[in-house]
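Novice: Chains as they are written, first to last, in the numbering used here: chain A, 609 to 914; chain B, 609 to 914. Backbone N, C-alpha and C fix where the C-beta goes; we use that ideal spot for every residue, glycine too. Okay, here's the structure, questions in a sec.
There are 2 protein chains.
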Amino acid sequence: MILTVTLNAALDVTYHVPALVPGATHRASPTGTRAGGKGVNVARVLHALGHDVQATGFAGGDTGAAIRADLAASGIREAFVEPSAAARRTVTVVSEQDGTATAFNEPGPRLSIEDWTWFVGRYHELASRADVVVLSGSLPPGLPDHAYAQLLGATPVPAILDTSGAPLLEGAAARPHVVKPNADELAVTGEADPLAAARRLRSAGAGAVVASRGADGLVAVTGEGCWRAAAPEPLHGNPTGAGDACVAALAGGVAAGAPWPAVLADAVALSAAAVARPLAGDVDTTTYRRLVRLVSVEELDADLDR
Amino acid sequence: MILTVTLNAALDVTYHVPALVPGATHRASPTGTRAGGKGVNVARVLHALGHDVQATGFAGGDTGAAIRADLAASGIREAFVEPSAAARRTVTVVSEQDGTATAFNEPGPRLSIEDWTWFVGRYHELASRADVVVLSGSLPPGLPDHAYAQLLGATPVPAILDTSGAPLLEGAAARPHVVKPNADELAVTGEADPLAAARRLRSAGAGAVVASRGADGLVAVTGEGCWRAAAPEPLHGNPTGAGDACVAALAGGVAAGAPWPAVLADAVALSAAAVARPLAGDVDTTTYRRLVRLVSVEELDADLDR
Chain A
609 MILTVTLNAA LDVTYHVPAL VPGATHRASP TGTRAGGKGV NVARVLHALG
659 HDVQATGFAG GDTGAAIRAD LAASGIREAF VEPSAAARRT VTVVSEQDGT
709 ATAFNEPGPR LSIEDWTWFV GRYHELASRA DVVVLSGSLP PGLPDHAYAQ
759 LLGATPVPAI LDTSGAPLLE GAAARPHVVK PNADELAVTG EADPLAAARR
809 LRSAGAGAVV ASRGADGLVA VTGEGCWRAA APEPLHGNPT GAGDACVAAL
859 AGGVAAGAPW PAVLADAVAL SAAAVARPLA GDVDTTTYRR LVRLVSVEEL
909 DADLDR
Chain B
609 MILTVTLNAA LDVTYHVPAL VPGATHRASP TGTRAGGKGV NVARVLHALG
659 HDVQATGFAG GDTGAAIRAD LAASGIREAF VEPSAAARRT VTVVSEQDGT
709 ATAFNEPGPR LSIEDWTWFV GRYHELASRA DVVVLSGSLP PGLPDHAYAQ
759 LLGATPVPAI LDTSGAPLLE GAAARPHVVK PNADELAVTG EADPLAAARR
809 LRSAGAGAVV ASRGADGLVA VTGEGCWRAA APEPLHGNPT GAGDACVAAL
859 AGGVAAGAPW PAVLADAVAL SAAAVARPLA GDVDTTTYRR LVRLVSVEEL
909 DADLDR
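Quick look at the structure:
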């Protein structure tokens, strides 16, 4: 079982408007709400690919109930903790004129020490039954930067961490199996060069660093070597959720014990399959199957990992 | 008691962002939610001025519960009907850069015939105990254009109608005491001139027509004469809610049996007091008291009302 952790799960609301005009009043057609947050998106992708997956994190209040109901409706097993503070919403406004998506993300609930203690107990129990754990996304306002590090310290199986800023730096030091920063998130290391930044995170404690670089594909710095992987063609669509699809592929690969080049090819193809679909957490399986054999994976100079 | 009816009540959510950039992802700080919809705003203003007011309409689901809880917290007596379909939300994004407000209004719940029958029963009971009834705002998607006309036909006391489009035209024919269109809403009559448009609505059946024209004040066409009323100075602030404050003044004036010139002066001053406050339903009482003696009310040629 792959366990995904979403400490700041969200109820994602999408509105369609003919065109977004700042300062105007828009009649907004809501096109449904669904469970979101990066770990939830990872769980959705893994579930679509037939993996045994379970989603946990915090999902309180009315929004939390809607998140849990949506996961149940999607057939995704969940074990969310329900604090009294309500889960956040995200509002995405899609302009029908040009297809652009404008997002408004609430910061999330303010959790108490009791909420955290309750969750840590639940996490220990779930992680002990998992093959791989995925920790994804921002921390809600009440949690300290070392929250992921604390969970990683108590994780008996390989863990994949996808977060940013101080929680990424503190988390990397707690020796996760893989961290997956994107180009912007690498900047927290203070290194401008992606490879140098990835090596910095590995020296900090991460077993491997897989950096996603949008259309430029992935760069991986691991104990077994360094690789660059890229899609065979430019991708068109909505990049939201591509990073979560990449993490889903890494989790599936780690669970299966696959070699790095195969895992990276899978991650690039699955990211591309997410770009082909408008909603984060969805993947176009036709695109995935077509591209997975076409991804180029190039081994980089061994001495890069010094 | 003044009864306000809000068939499409809303839970108003406001987000603050540093600047609204279409296509970008924003960290949105929610600055609270509150009960909204035009009739709710009218009730809020009347309550602030010390009137005995009661609010009704539809408020179902989690959003409806939040609307009712917010009214209770504000000390406003409510008797909303609770259909199974949830009340809508409105999301307003305020840019801290320039103060502009960009609004996204959901259409509202799809109501059933049972919901409507249930509400009509409740309305009869409440209206029979009211001195004045106020019917405000858009209709939720499930209701026909003659919904207000049906309520007006069963209203034993003076009623004030503030809506637009076909519900305004059908409502005017059901002989409300006053209708309060704004400049845009007058266009439904097919007349370009505001006075001609107001006379058209009066010939359709409305006892009086008070047309709000933003900074140009009000034009009133009544059985006792025609007037123009305007503020003594230009107003700066947020015009959202000015129309609802105007309706609150009309309701208060009708309940007190005040003469039209006094009612109109009150309506202009209270509208200005709403412009001075950022949230619809709030009025600046200092502005109101200062301006109410300074509003100019000019009687227009008597033969205008032909």
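Which complete alpha helix (DSSP H) runs does the stretch 727-781 of chain B hold, if anything under 4 residues is left out?
Specialist: Listed in chain order, they are 755-761 and 773-780.
Novice: Between the Cα of P638(A) and those of A850(B), R697(B), A819(B) and C854(B), spot the shortest distance and give me the residue it belongs to.
Specialist: Checked all of A850(B), R697(B), A819(B) and C854(B); the closest Cα to P638(A) is R697(B).
Novice: Taking only beta carbons into account, state which residues of the stretch 782-798 of chain B come closer than 9 Å to chain A, listed in chain order.
Specialist: Listed by position, the residues of the stretch 782-798 of chain B near chain A (Cβ gap below 9 Å) amount to none.
Novice: Against chain B, which members of the stretch 655-668 of chain A pass a CB distance test of less than 8 Å?
Specialist: Listed by position along the chain: nothing, the set is empty.
Novice: Thinking C-beta only, is P842(B) closer than 8 Å to L899(B)?
Specialist: No. Outside cutoff.
Novice: Would the beta-carbon of V699(A) fall within 8 Å of that of F712(A)?
Specialist: Contact flag set, yes.
Novice: Examine chain A for any beta-carbon lying closer than 8 Å to the beta-carbon of R676(B), and answer yes or no.
Specialist: Answer no: the Cβ-Cβ gap between R676(B) and chain A never drops below 8 Å.
Novice: Determine, for D770(B), whether the minimum Cβ-Cβ distance to residues of chain A falls below 8 Å.
Specialist: Cβ-Cβ to chain A under 8 Å: no for D770(B).
Novice: Can you name the start and end residues of the beta strand (DSSP E) that H624(B) belongs to?
Specialist: That run of the beta strand (DSSP E) goes A618 to V625.
Novice: Under 8 Å, with one C-beta from each stretch per pair, do the stretch 740-754 of chain B and the stretch 662-675 of chain A reach the 3-pair mark?
Specialist: At 8 Å Cβ cutoff, the stretches do not touch.
Novice: In terms of alpha-carbon separation, which member of F688(A), S703(A) and G707(A) lies closest to D723(A)?
Specialist: When only C-alpha atoms are compared, the closest one is F688(A).
Novice: So if DSSP puts A828(B) in a beta bridge, which residue, or which two residues, is it bridged to?
Specialist: Note: A828(B) sits in a beta bridge opposite V818(B) and W835(B).
Novice: DSSP state of N649(A), grouped into three classes?
Specialist: Correct three-state label for N649(A): helix.
Novice: Check the Cβ of D670(B) against every Cβ in chain A and list those closer than 7 Å, keeping chain order.
Specialist: Neighbours of D670(B) on chain A, chain order: D670.
Novice: Please classify E714(A): does DSSP put it in a helix, a strand, or coil?
Specialist: Reduced to three states, the DSSP call for E714(A) is coil.
Novice: How would you list, in chain order, the residues of chain B whose beta-carbon sits under 7 Å from the beta-carbon of L628(A)?
Specialist: Those are P630, listed as they occur along chain B.
Novice: Buried or exposed for H844(A), please, with buried defined as at least 16 other CB atoms from any protein chain shown within 10 angstroms of its CB.
Specialist: Looking at its Cβ environment, which holds fewer than 16 other Cβ atoms inside 10 Å, H844(A) is exposed.
Novice: Using Cβ-Cβ distances below 8 Å, what residues of the stretch 698-727 of chain B are close to chain A?
Specialist: Taking 8 Å as the Cβ-Cβ cut-off against chain A, the residues of the stretch 698-727 of chain B that qualify are V699, V701, S703, T708, A709, T710, A711, F712, N713, E714 and P715.
Novice: Given that a residue counts as buried once 16 or more other Cβ atoms are within 10 Å of its Cβ, and exposed if not, what is S720(A)?
Specialist: Exposed is the call here.
Novice: Taking C-beta pairs closer than 9 Å, name the residues in chain B that V625(A) reaches, listed in chain order.
Specialist: Neighbours of V625(A) on chain B, chain order: F712.
Novice: Note down, in chain order, every chain A residue with its Cβ under 9 Å from the Cβ of T641(B).
Specialist: Per Cβ cutoff of 9 Å: no residues; T641(B) is ~11 Å from chain A at best.
Novice: Report the rounded CA-to-CA distance for G849(A) versus V653(B), giving the unit in angstroms.
Specialist: Rounded to the nearest angstrom, the two C-alpha atoms are 45 Å apart.
Novice: Quick check on this structure: which residue in D852(A), D801(A), G716(A) and A757(A) has the alpha carbon closest to the alpha carbon of P669(A)?
Specialist: It should be pointed out that residue 669(A) corresponds to Gly in this sequence rather than to Pro. The option with the nearest alpha carbon to G669(A) is G716(A).
Novice: For D913(A), does the three-state DSSP call read helix, strand or coil?
Specialist: Bear in mind that the predicted position of D913(A) carries a pLDDT of just 47, short of 50, making it unreliable; the figure below should be weighed with that in mind. It is coil, neither helix nor strand.
Novice: What are the residues that DSSP puts in a beta bridge with Q705(A)?
Specialist: Paired residue(s): none; Q705(A) is not in a bridge.
Novice: Could you check whether G672(A) and A709(A) sit closer than 8 Å to each other, using their CB atoms as the reference points?
Specialist: No. Outside cutoff.
Novice: Around the C-beta of G860(A), are 16 or more other C-beta atoms found within 10 angstroms, so that it is buried, or is it exposed?
Specialist: G860(A) comes out buried.
Novice: Note the first and the last residue of the continuous alpha helix (DSSP H) segment covering V876(A).
Specialist: Looking at the DSSP string, the run of the alpha helix (DSSP H) that includes V876(A) is W868 to V883.
Novice: Output the distance between the C-alpha atoms of W835(A) and G851(A), rounded to the nearest integer angstrom.
Specialist: Near 18 Å, if we compare the C-alpha coordinates of G851(A) and W835(A).
Novice: Give the interface partners of H634(A) over in chain B, defined as CB-CB distance under 9 Å, in chain order.
Specialist: Within chain B, the residues near H634(A) are T710, A711, F712 and N713.
Novice: Using a Cβ-Cβ cutoff of less than 6 Å, which residues in the same chain neighbour H634(A) once the five nearest sequence positions on both sides are dropped?
Specialist: Contacts found: V625.
Novice: Of all the options A656(B), V648(B), S811(B) and A882(B), which has the alpha carbon lying nearest to the alpha carbon of E686(B)?
Specialist: The residue with the shortest Cα to Cα distance from E686(B) is V648(B).
Novice: CB V903(A) to CB A877(A), shorter than 8 Å?
Specialist: Closer than 8 Å, so yes.
Novice: Does any C-beta atom of chain B lie closer than 8 Å to the C-beta of C834(A)?
Specialist: No, its Cβ sits nowhere closer than 8 Å to a Cβ of chain B.
Novice: Round the Cβ separation of D892(A) and R885(A) to the nearest angstrom and send it over; I've been treating them as touching at under 8 Å.
Specialist: Right, their Cβ atoms sit about 5 Å apart.
Novice: What does S637(A) touch in chain B if you count any residue whose Cβ is under 9 Å from its own?
Specialist: Ordered by position in chain B, the residues that pass the 9 Å Cβ test against S637(A) are E714 and P715.
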